[in-house]
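Visitor:
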Amino acid sequence: MVKGQVCPEHRVRSSPYDVTATINEKEEKVENVQCHDCPASTEEQVLKVLERNLGQKLERCGLKLSANFPIFGASPDGIGYDFVVEIKCPSTDKGFKTFLPNGQINLKCKAQICLQMLFCNFKKGLFCVAKPTFEKDEAVETLWVSYDEEFTIHLINESLHFWKKNIFNKLLDSVMK
12 MVKGQVCPEH RVRSSPYDVT ATINEKEEKV ENVQCHDCPA STEEQVLKVL
62 ERNLGQKLER CGLKLSANFP IFGASPDGIG YDFVVEIKCP STDKGFKTFL
112 PNGQINLKCK AQICLQMLFC NFKKGLFCVA KPTFEKDEAV ETLWVSYDEE
162 FTIHLINESL HFWKKNIFNK LLDSVMK
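For the sequence shown, position 118 (counting from the first letter as 1) is numbered 129 according to the numbering used here, and the numbering increases by one without interruption.
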């Protein structure tokens, strides 16, 4: 019998993935399990490369909340001295290009990193996309993003309107029944 650990990413996803397991048959022991094509397993490696390149430790953090915007949350992959870090780990060139079309951050990712900056009270963020070849060459494309207050407030207002119109009423109805 061989026992292994499934990474958190694959506990919630149903897509197939490849795993390489190194097993010491003599001792009947699993020595190493490597999950391929998995963003969760690559993010920590990318953070280590960034720490080395930036010359500073990046704090790992969880969900950030704000009393001013209680229906929102933000979860940066790392926090530097005065910036947030967001990491994407696509497994294909096509996936890579969706995050950085024409060398610029896409709008969905801009929204994500701007909310992270707002909730962490920073004015800049480091958006990082690991190349699909990262496991071989540690190649990461990085882009500094400045906080865009007008964009972020517009995003919050539009999202809040949607939440009030479509979600709040359903929550209220479920409690009133």
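Positions of the beta carbon are idealized from the N, C-alpha and C atoms, including for glycine. As the structure is a prediction and not an experimental result, all values here were calculated from the model.
With H, G and I counted as helix, E and B as strand and the rest as coil, what does DSSP make of Lys59?
Guide: Taking the sequence shown and counting its residues from 1, the one referred to as residue 59 is at position 48. Here Lys59 sits in helix by DSSP.
Visitor: May I ask you to verify whether the segment 109-121 touches the segment 69-84, counting CB pairs closer than 8 Å and requiring at least 3?
Guide: no
Visitor: Could you check the C-alpha separation between Leu137 and Lys188 for me, to the nearest Å?
Guide: Looking up residue 137 in the sequence shown gives position 126. Looking up residue 188 in the sequence shown gives position 177. Each residue's alpha carbon lies about 46 Å from the other.
Visitor: Three-state secondary structure (DSSP) at Phe138?
Guide: Position 127 of the sequence shown, counted from the first residue, corresponds to residue 138. Phe138 falls in the strand class under three-state DSSP.
Visitor: Under 6 Å Cβ to Cβ from Met12, same chain only, skipping five residues before and after it: list those, please.
Guide: Within the sequence shown, numbered from 1, the residue matching residue 12 stands at position 1. Because Met12 carries a pLDDT of 49, less than 50, the predicted location of this residue cannot be relied on, and the following value inherits that uncertainty. Leaving aside the five residues that flank Met12 on each side, none in its chain has a CB nearer than 6 Å to its CB.
Visitor: Would a C-beta distance cut-off of 7 Å place Phe107 and Pro101 closer than the cut-off?
Guide: The residue labelled residue 107 in the question sits at position 96 within the sequence shown. The residue labelled residue 101 in the question sits at position 90 within the sequence shown. Their beta carbons are under 7 Å apart, which means Phe107 touches Pro101 by this criterion.
Visitor: Classify Ile124: buried if its beta carbon has 16 or more other beta carbons within 10 angstroms, exposed otherwise.
Guide: Indexing the sequence shown from 1 puts residue 124 at position 113. Ile124 comes out buried.
Visitor: Take Thr103 and list the residues in its own chain whose beta-carbon comes closer than 6 Å to its own, dropping the five residues that flank it on each side.
Guide: By one-based count along the sequence shown, residue 103 stands at place 92. Excluding residues within five positions, the ones whose Cβ falls inside 6 Å are Pro143.
Visitor: Excluding the 5 residues preceding and the 5 following Asn180 in the sequence, name in chain order all residues of the same chain whose CB lies nearer than 8 Å to its CB.
Guide: On the sequence shown, residue 180 is found 169 positions in, with the first residue counted as 1. None.
Visitor: Thinking C-alpha only, which one of Ala122, Glu152, Val57 is nearest His165?
Guide: Mapped onto the sequence shown, residue 165 falls at position 154. Ranking the options by Cα distance to His165, first place goes to Ala122.
Visitor: In angstroms, rounded to a whole number, what distance separates the CA positions of Leu171 and Glu160?
Guide: If you number the sequence shown from 1, residue 171 lands on position 160. If you number the sequence shown from 1, residue 160 lands on position 149. One C-alpha to the other measures close to 16 Å.
Visitor: Could you check the C-alpha separation between Phe133 and Asn64 for me, to the nearest Å?
Guide: Translated into positions along the sequence shown, residue 133 becomes position 122. Translated into positions along the sequence shown, residue 64 becomes position 53. Cα to Cα, Phe133 sits roughly 21 Å from Asn64.
Visitor: Along the chain, where does the beta strand (DSSP E) containing Met153 start, and where does it finish?
Guide: For the purposes of this step, residue 153 is taken as residue 142 along the sequence shown, with counting starting at 1. The question names Met, yet the displayed sequence has Thr at residue 153. Run containing Thr153: 151-157, per the beta strand (DSSP E) assignment.
Visitor: Kindly indicate the opening and closing residues of the alpha helix (DSSP H) around Lys99.
Guide: For the purposes of this step, residue 99 is taken as the residue at position 88 of the sequence shown. Run containing Lys99: none in the alpha helix (DSSP H); it sits in the beta strand (DSSP E), 95-99.
Visitor: Beta-carbon within less than 7 Å of Val23's beta-carbon, same chain only, minus the 5 sequence neighbours each way: which residues are those?
Guide: Locating residue 23 in the sequence shown gives position 12, where the first residue counts as 1. No answer about Val23 holds up, because its pLDDT of 49 lies below 50 and its placement is not dependable.
Visitor: Can you tell me which of the three DSSP states Thr33 falls into?
Guide: Position 22 of the sequence shown holds residue 33. Here Thr33 carries a strand assignment [DSSP, helix/strand/coil].
Visitor: Expressed to the nearest angstrom, what Euclidean distance is found between the alpha-carbon atoms of Leu111 and Ser157?
Guide: Position 100 of the sequence shown, counted from the start, is the residue given in the question as residue 111. Position 146 of the sequence shown, counted from the start, is the residue given in the question as residue 157. C-alpha separation (whole angstroms): 16 Å.
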